[in-house]
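Q: In our numbering, the protein residues as written are 19 to 203.
(1) Residue 155 and residue 97 - do their beta-carbons sit closer together than 8 Å?
(2) Go to residue 172, then tell me how far its alpha helix (DSSP H) extends in each direction, as first and last residue.
(3) To the nearest angstrom, report how far apart residue 62 and residue 152 are at their CA atoms.
(4) To the nearest angstrom, how far is it from the Cα of residue 203 to the Cα of residue 196?
(5) From residue 162 to residue 185, what does the alpha carbon distance come to, in whole angstroms?
(6) Residue 181: which of 114, 110, 57, 92 sits nearest, CA to CA?
(7) Start and end of the alpha helix (DSSP H) containing residue 40?
(8) Within the same chain, show all residues whose beta-carbon is closer than 6 Å to that of residue 216, passing over the 5 residues directly before and after it, in chain order.
(9) Which whole-angstrom value is the C-beta distance of residue 170 and residue 48, which I expect to be below 8 Å?
(10) Taking all protein chains shown into account, do 16 or more other C-beta atoms lie within 10 angstroms of the C-beta of residue 5, making it buried, or fewer, making it exposed?
(11) Considering Cα atoms alone, identify which of 30, 192, 194, 200 is closest to residue 210.
(12) How should residue 74 be labelled, buried or exposed, when 16 other C-beta atoms within 10 angstroms of its C-beta is the threshold for buried?
(13) I need the straight-line Cα distance from residue 192 to residue 198, nearest angstrom please.
(14) According to DSSP, is residue 89 part of a helix, a strand, or is it coil?
(15) Can you name the start and end residues of the alpha helix (DSSP H) that residue 185 belongs to?
(16) Taking the beta carbon of residue 27 as the centre, do at least 16 other beta carbons fall within 10 Å, making it buried, or is it exposed?
(17) Please state whether the Cβ-Cβ distance between residue 141 and residue 65 is less than 8 Å.
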């Protein structure tokens, strides 16, 4: 029985991509693709959003800018991807909100799916505003929320991505949640 090939070294691929090798960026993204799809699927399920998982991951890749991306290693690539997914969802929510207000489109009929989509759009936009405020106060806490909510990562995964202890992560997570709850009350 053949052993599976070791996963590609994402850090080396990203270094080659920064040196101008466009195919290296594609290979680096492919190496984390399954993890990004898992994160996107969890996020969309939590939001009850109709956005397709594959489309979200692909749109995030396009938003990252391909070979021009300055990711240093696997963790940095995952964090940037989570931020790109957030931006894609925020852009989509803004477009839906504009369409709801007339945006040159025919009026939508009322229905459960439309209502769920509108609620998800409002939630994403509100969270985006709150994250911007939190970022000004505590950038790491905002990044933790972004990775947990938009990236779908667990506390342990976020701690590893950010290179901090789980106790530090939990302390920052509690502070971030308190801020968000206070601001939404």
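Virtual Cβ for every residue (Gly too), placed ideally from N, Cα, C.
Since the model is a prediction, treat every value here as computed from it, not as a measurement.
A: Inspection of the coordinates gives the following:
(1) The count along the chain shown starts at 1 and reaches residue 97 at position 79. The count along the chain shown starts at 1 and reaches residue 155 at position 137. No, the Cβ-Cβ distance between residue 97 and residue 155 is not below 8 Å.
(2) Along the chain shown, one-based indexing puts residue 172 at 154. For residue 172, no alpha helix (DSSP H) segment is defined, and its DSSP state is neither H nor E.
(3) For the purposes of this step, residue 62 is identified with residue 44 of the chain shown, where counting begins at 1. For the purposes of this step, residue 152 is identified with residue 134 of the chain shown, where counting begins at 1. In this model, residue 62 and residue 152 are separated by some 23 Å (Cα to Cα).
(4) Taking the first residue of the chain shown as 1, we reach residue 203 at position 185. Taking the first residue of the chain shown as 1, we reach residue 196 at position 178. Approximately 11 Å, taken between the alpha carbons.
(5) Taking the chain shown and counting its residues from 1, one reaches residue 162 at position 144. Taking the chain shown and counting its residues from 1, one reaches residue 185 at position 167. Taking the straight line from one Cα to the other gives about 13 Å.
(6) Sequence index remark: in the chain shown, residue 181 carries index 163 (1-based). Selected option, being the one with the closest Cα: 92.
(7) Locating residue 40 in the chain shown gives position 22, counting from the first residue. Residues 40 to 65.
(8) The chain is shown from 19 up to 203; residue 216 falls before or after that span and cannot be answered.
(9) Taking the chain shown and counting its residues from 1, the one referred to as residue 170 is at position 152. Taking the chain shown and counting its residues from 1, the one referred to as residue 48 is at position 30. Going by Cβ atoms, the distance from residue 170 to residue 48 rounds to 19 Å, so no, they are not a contact pair.
(10) Only positions 19 to 203 of the chain appear in this structure, which leaves residue 5 out of reach.
(11) For residue 210 there is no data in the structure shown, the boundaries of the chain being 19 and 203.
(12) Sequence index remark: in the chain shown, residue 74 carries index 56 (1-based). With 16 or more other Cβ atoms inside 10 Å of its own Cβ, residue 74 counts as buried.
(13) For the purposes of this step, residue 192 is taken as the residue at position 174 of the chain shown. For the purposes of this step, residue 198 is taken as the residue at position 180 of the chain shown. Looking at the backbone, the Cα of residue 192 and that of residue 198 are separated by about 10 Å.
(14) What you label residue 89 is simply residue 71 of the chain shown in a count that begins at 1. DSSP places residue 89 outside both helix and strand once states are collapsed to three, so it counts as coil.
(15) Here residue 185 refers to the residue found at position 167 of the chain shown. Taken as a continuous stretch (DSSP letters only), the alpha helix (DSSP H) holding residue 185 covers 184 to 202.
(16) Position 9 of the chain shown, counting from 1, holds the residue named residue 27. Looking at its Cβ environment, which holds fewer than 16 other Cβ atoms inside 10 Å, residue 27 is exposed.
(17) Position 123 of the chain shown, counting from 1, holds the residue named residue 141. Position 47 of the chain shown, counting from 1, holds the residue named residue 65. Going by beta carbons, residue 141 and residue 65 fall inside the 8 Å limit.
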